[in-house]
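Worksheet: the structure to be examined is printed underneath.
Numbering (this note's numbering), first residue to last: 285 to 578.
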């Protein structure tokens, strides 16, 4: 686990400022989503954290160590991309082991770590399969296992759930969130999907025109008075609810108005308190996700 501090980050391309005075403190083990309109600087910010770009001003600090000028390969930052970037000619096992082999980890140590990661993402039974035979959710979990296998200090997810279909995405977001929370890895997710951001994160960073509009808990972001936030954010947090069970054992929560919503969320048990959120629009949808007691 590592804490992250961005202090006054400024980045420009050909004289056009893309990031201006971006400053946030991310506590160790925090899960953060970064949202904003196209061109707001999300990807540029990630590239500065990763080390692909060097800002003209400000600093990237990890656990009190300024890494602004530290090479990318020495920062200890793992990343999962939108397209997963799996090697099609390698098995699941070899894909997960790739980073360890590049770091010349001893064979026995690497094998043990790969087995641990495959168990973590529940893909041991697919260890000898190739990416072309995997579902979208399985590919996502392989990419996550590969990124986590090298014990990164920070994890970046760059539109990591975008390739999934709508029916799969919510479940995979919850599964990945549960894995990351269990490991306590400090994580930042770029996403254009606000629903995904609020389901996944404990804090949300809203960027607009390269500047921080707000950085806060999802509930506070949804209610923020800034005109841009009110116009951009299309969610409405309804309330918290306690998980109950039907006689059949199926879990559900009761939304305001009395509607009972069946749920199946990894790590959630009867008696737990969860958030209930309604997505605004012509057709409303309801999402439920766990609170964090820690």
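Each residue gets a CB set at the ideal place from its N, CA and C atoms; glycine is no exception. Please read all numbers here as calculations on a predicted model, not as lab measurements.
- Contiguous beta strand (DSSP E) elements confined to the region 348 to 397 occur at 361 to 364, taking only those with 3 or more residues.
- By a beta-carbon distance limit of 8 angstroms, residue 351 contacts residue 359. Their separation comes to about 5 angstroms.
- Boundaries around residue 438 are those of the beta strand (DSSP E), 438 to 442, since no alpha helix (DSSP H) includes it.
- About 7 angstroms separates the CB atoms of residue 437 and residue 361; that is less than 8 angstroms, so the two are in contact.
- Per DSSP, the continuous alpha helix (DSSP H) segment holding residue 334 begins and ends at 326 to 334.
- Beta-bridge pairing by DSSP links residue 341 to 294.
- With contacts defined as CB atoms closer than 8 angstroms, residue 410 and residue 418 qualify as a contacting pair.
- Just so you know, the alpha carbons of residue 340 and residue 291 end up roughly 12 angstroms apart.
- Residues of the same chain with a CB within less than 6 angstroms of the CB of residue 473, apart from the 5 flanking positions on each side, are 317, 441 and 484 in chain order.
- Residues of the same chain with a CB within less than 6 angstroms of the CB of residue 551, apart from the 5 flanking positions on each side, are 462 in chain order.
- In this structure, 427 is the residue among 502, 288 and 427 with its C-alpha nearest to the C-alpha of residue 365.
- Looking at 388, 498, 384 and 334, the one whose alpha-carbon comes closest to that of residue 401 is 384.
- Around the beta carbon of residue 379, 16 or more other beta carbons lie within 10 angstroms, which makes this residue buried.
- Counting of Cβ neighbours within 10 angstroms places residue 371 among the exposed residues, the total staying below 16.
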